[in-house]
Amino acid sequence: MLKKIAISSVILSLYSIQSHGQSSVELYGALDGGVRFLNHATAKGGEQINMSSNGYHNNNRIDFAGTEDLGGGLYTHFLLETGFNLGTGALDNTTNQLFQRQAYVGIGGAYGYVDVGRQWTVAHDVLYYYDPFSLTYTPFLPLSAFSDGTRVSNDIKYTGLFNGLSVVADNAIAGTPGDFAQGASRSLGLRYSTGPFSVGGAYGYRNLLAIGTTYTADNYYLAGTSYAIGPVKVFVGYSDEDQKGASTFQAIKSQNIWGGISYEINYQLRLQIANYRTNINNPNTGGYGKNMSAAGLTYSLSKRTDLYGEVDYTTFRGVGITALNPTGQSNQTGFTVGMVQKF
14 MLKKIAISSV ILSLYSIQSH GQSSVELYGA LDGGVRFLNH ATAKGGEQIN MSSNGYHNNN
74 RIDFAGTEDL GGGLYTHFLL ETGFNLGTGA LDNTTNQLFQ RQAYVGIGGA YGYVDVGRQW
134 TVAHDVLYYY DPFSLTYTPF LPLSAFSDGT RVSNDIKYTG LFNGLSVVAD NAIAGTPGDF
194 AQGASRSLGL RYSTGPFSVG GAYGYRNLLA IGTTYTADNY YLAGTSYAIG PVKVFVGYSD
254 EDQKGASTFQ AIKSQNIWGG ISYEINYQLR LQIANYRTNI NNPNTGGYGK NMSAAGLTYS
314 LSKRTDLYGE VDYTTFRGVG ITALNPTGQS NQTGFTVGMV QKF
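Be aware that the sequence shown starts at 14, since it is given in this note's numbering, and climbs by one per residue.
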């Protein structure tokens, strides 16, 4: 009897070890301590020195991620991600959402995976590969704000990779009684890469709640390409967003055109240079826009720690200039320095 018990205990122990090896849970994140100087920061031309509430080069965040191997090529995974203010330790949002960055669970296999919850938009997933700055410096570089929103709740997203072709599609459920379309959104993104060349695009449609119970349509288009020449990668892209106005139902068109390079000088030092041109045509206020040129250096002290520095110059134009720059100033120059620690 004792021999049977001992054998059973060994078998159970081996099974527990095997089961434990099939699943994992990780804790990781980033802390970005940066300082930014901006001139012409007030209507009278005053200067400002600021510390971003959620980081400049990287967002301050804590991630809880897990995977489990189900066998037969199937697996499940989850992610809970929260952002915080490095200076105060508070959540970096005004809605008191704990996992306001991402919160989803999904299942995957040989043909891709499906995730359900709060996630990055499809436009964001595609745009990341065609922005010379890879969607860093999000508080002031323009593409994050115009990437069809950065995240969407109540979302069902599919992601698949087939011989260099990446496919991303999603549908966000609004939960409106009696009408599946009101307040919902859906998107499709494609990206093809072969050798040094990559090209991609995305389309998104949102039926947004504008005023009261009035829902208005919003269409978003994105196209980008990149080509690597040794350590230098060249980027070109275009995005277009057409949103109906709640009162006039006239389309407000927002366009972004950009180009730039990313240069891996060596294994520690990376240079990024880009120019972004934003054009907005609002039938109610007229046309306006801005042009931003930026250059940044990132130096890796280690695999986990980076030092960064950035300079940018922006000019504003048009009758609706205060929509992009509340100070009304025609130009601004900014400098940003900081350190990122990843764990």
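No residue lacks a Cβ here, since even glycine has one placed at the ideal position from N, Cα and C.
What residue from TYR228, HIS53 and GLY68 has the CA that sits closest to GLN61's CA?
Residue HIS53 holds the alpha-carbon nearest to the alpha-carbon of GLN61 among TYR228, HIS53 and GLY68.
Sequence-distant residues of its chain with Cβ nearer than 6 Å to ALA182 (five each side left out)
TYR171 and LEU201
Output needed for LEU93: all residues of its chain with C-beta closer than 6 Å, excluding positions within five of it in sequence on either side, in chain order.
PHE77, PHE112 and ALA116
Give me, in chain order, the residues of the same chain whose beta-carbon lies closer than 6 Å to that of GLN268; leave out the 5 immediate sequence neighbours on both sides.
ASP253 and ASN292
Please classify PHE356 as buried or exposed, where buried requires at least 16 other C-beta atoms within 10 Å of its C-beta.
exposed
How close, in whole Å, do the beta carbons of ILE265 and ASN295 come, if the pair is a contact with beta carbons under 8 Å?
5 Å
Does the Cβ of ASP325 have 16 or more other Cβ atoms within 10 Å, making it buried, or fewer, making it exposed?
buried
Give me the Cα-Cα distance between ASN63 and ARG317, rounded to the nearest whole angstrom.
25 Å
Check whether PHE248 and PHE50 have beta carbons under 8 Å apart:
no
By the three-class DSSP mapping on this structure, what secondary structure does VAL332 have?
coil
Between which two residues does the alpha helix (DSSP H) harbouring ASP144 extend?
Careful: ASP144 lies outside any alpha helix (DSSP H) and carries neither H nor E.
With DSSP run on the structure shown, which of helix, strand or coil describes HIS90?
strand
Could you pull out every residue in the same chain whose Cβ sits closer than 6 Å to the Cβ of THR107, ignoring the five residues on either side in sequence?
none
Beta carbon of GLN354 nearer than 8 Å to that of LEU44
yes
GLY237 and GLY213 - do their beta-carbons sit closer together than 8 Å?
yes
Just curious, the beta strand (DSSP E) that ASP255 is in, first and last residue?
245-257
Quick check on TYR69: buried or exposed, where buried means 16 or more other Cβ atoms within 10 Å of its Cβ?
buried
Just to confirm, are ALA215 and ALA136 a CB contact at a threshold of 8 Å?
yes
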